[in-house]
Amino acid sequence: MDGIGATHIDHIVISSSDAAVVADTFRRNLGIEIKRTMTRPGTGAQLAFAKLQEIILEFAGPPAPKPGDEVKARLWGIVLAVRDIRAAVERLRSLGYDVGDPKPAVQPGALIATIKSGTHGVPFALIQYGTPPATPGAAT
Amino acid sequence: MKALRIDHVGIVVKDLEQATATYARHFDLQVDPARGGELPALGIKNAFMPIGESALEFIQPLTDQGPVAQFAKERGEGQYLLSIEVDDVAAAVEHLRGLGYRVGEPNNGIAFVSPKSSHGVNLQLIQRSAR
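Going down the list, the protein sequences come from chains H and Z.
Residue numbers for the first sequence follow my numbering, beginning at 2 and rising by one.
Residue numbers for the second sequence follow my numbering, beginning at 12 and rising by one.
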């Protein structure tokens, strides 16, 4: 495999001091429908998700926003969808990137791996939904 | 106002050629020759690398003035802007101004929303189809 087999931007993360407030601003003022909200298991981070065609906007914030504080947000990371996350991770590691092992994502059935350096200041991750395509010629 | 699609994500970099070469070699993205170049009025040069229905826009400041240069000074490289496609940019600008947003005048189908109006997130509205 020459490249990482990225097919599209899967989601864009907007990190903030209050995910619910920022998601509601985008909903009310920009007409972006919030499809799902959840608490991230383990960390308690508050998450809200919207989808514009193939791209998910993920609004992320701390478990307990401080009431009264000015709500601040910033574009944070980008997640690229790949067909075969293990092959993509292997490829990037061979190029010298520090990439975490694929682990279950909050999206059911998906695997995610974080690229920890070398991406010009943008935190990137890779995500794979479902099983990768069979390798041509491989025994079945 | 109807947000249709994420048109692109803008990423500020120190060296445009180096950044696009990295993303071409390691992430299989290709520069779209039909978009990008030097924009002296904005003090930047940029390049677009399509991926799926969207694109990554890499932006290098060419001067030490303006919002891109300011971002680079304060944060270095990183995600700078979210470009949202709308069906009618003039109507979207009017809508947001009516809500108290600070929005620039549309130019060539593009309008910039002040980050002060969106919790600090730089937004661009873009209309692809002519009306």
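Ideal placement from N, C-alpha and C gives every residue a C-beta, glycine not left out.
A direct Cα-Cα distance of roughly 32 Å separates residue 96 of chain Z from residue 100 of chain H. The segment 44 to 62 of chain Z makes contact with the segment 70 to 90 of chain Z; the number of CB pairs closer than 8 Å reaches 3 or more.
At least 8 Å separates the beta-carbon of residue 22 of chain H from that of residue 90 of chain H. Near chain Z, meaning a CB-to-CB distance below 9 Å, the residues of the segment 74 to 86 of chain H are 74, 75, 76, 77, 78, 79, 81, 82.
Contact check for residue 8 of chain H against residue 63 of chain Z passes: the beta carbons are separated by less than 8 Å.
The beta carbons of residue 79 of chain H and residue 27 of chain H sit no closer together than 8 Å. At a cut-off of 8 Å between beta carbons, residue 12 of chain Z contacts chain H. DSSP places residue 71 of chain Z outside any alpha helix (DSSP H); the residue lies instead in the beta strand (DSSP E), whose first and last residues are 65 to 72.
Going by DSSP, residue 98 of chain H is part of no alpha helix (DSSP H) at all; its letter is neither H nor E. Three or more beta-carbon pairs drawn from the segment 133 to 142 of chain Z and the segment 91 to 110 of chain Z are found closer than 8 Å, and the two stretches are therefore classed as touching. Using a CB distance below 7 Å, the part of the segment 6 to 37 of chain H facing chain Z consists of 7, 8, 9, 10, 13, 15, 17, 23, 26, 30, 31, 32, 33, ordered along the chain. Within 8 Å of the CB of residue 30 of chain Z, the CB atoms of chain H belong to 121, in sequence order along the chain. For residue 129 of chain Z, the residues of chain H that pass the 7 Å Cβ criterion are 26, in the order they occur in the chain. Secondary structure at residue 119 of chain Z: coil, using DSSP grouped into helix, strand and coil. By the 16-neighbour rule on beta-carbons within 10 angstroms, residue 72 of chain Z is buried. For the segment 27 to 95 of chain Z, the continuous alpha helix (DSSP H) assignments of 4+ residues that do not extend past its boundaries occur at 27 to 38, 78 to 86, in sequence order. The bridge partners DSSP lists for residue 135 of chain Z are Z:94, Z:123. Contact annotation for residue 38 of chain Z against chain H: 4, 5, 7, 81 [CB-CB distance below 8 Å, chain order]. If you check each beta-carbon in the segment 52 to 72 of chain H against every beta-carbon of chain Z, the ones closer than 8 Å belong to 53, 54, 55, 56, 58, 72. The beta-carbon distance between residue 56 of chain H and residue 65 of chain Z, rounded to whole angstroms, is 6 Å. This is short enough to meet the 8 Å contact definition. Collapsing the DSSP output to three states places residue 55 of chain H in coil. Using a Cβ distance threshold of 8 Å, residue 47 of chain H and residue 69 of chain H do not count as a contacting pair. Listed by position along chain Z, the residues whose Cβ is nearer than 9 Å to that of residue 96 of chain H are 36, 37. The residue from H:32, H:113, H:107, H:88 with its alpha-carbon nearest to that of residue 127 of chain H is H:113.
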